[in-house]
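Each residue of the sequence shown is one higher than the one before, starting from 2 at the first, in this note's numbering. C-beta: ideal position from N, C-alpha, C; glycine also. Note that this is a predicted model, so its numbers are computed, not measured. What follows is a single structure, written as structure tokens, with notes after it.
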Amino acid sequence: MLYFNQASAYEIYDLQGKLIMKSKKPQNSVNVSKLKSGIYLIKIGGEIMKFVVE
Numbered sequence: 002m003l004y005f006n007q008a009s010a011y012e013i014y015d016l017q018g019k020l021i022m023k024s025k026k027p028q029n030s031v032n033v034s035k036l037k038s039g040i041y042l043i044k045i046g047g048e049i050m051k052f053v054v055e
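Written out as structure tokens, the structure reads:
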């Protein structure tokens, strides 16, 4: 689970640039438990951050 300080829409991409998940509705968290192990990028609130799913 990813948690955010501020509710915001988000987009999650794999490292090849493929869009994996997105939400236009502001959220405070995202359930990433169904993602395969790997490294992902999340675009949220005008920022891009990297996270790892094990």
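Does DSSP put residue i in a helix, a strand or coil?
i: N6; result: strand
i: E55; result: coil
i: G39; result: strand
Tell me where the beta strand (DSSP E) around residue i begins and ends.
i: L20; result: 20-31
Just the C-alpha distance for residue i and residue j, rounded to the nearest angstrom, thanks.
i: S24; j: G47; result: 14 Å
i: E55; j: L42; result: 14 Å
i: N32; j: F5; result: 12 Å
i: L20; j: K26; result: 17 Å
i: I40; j: Q7; result: 23 Å
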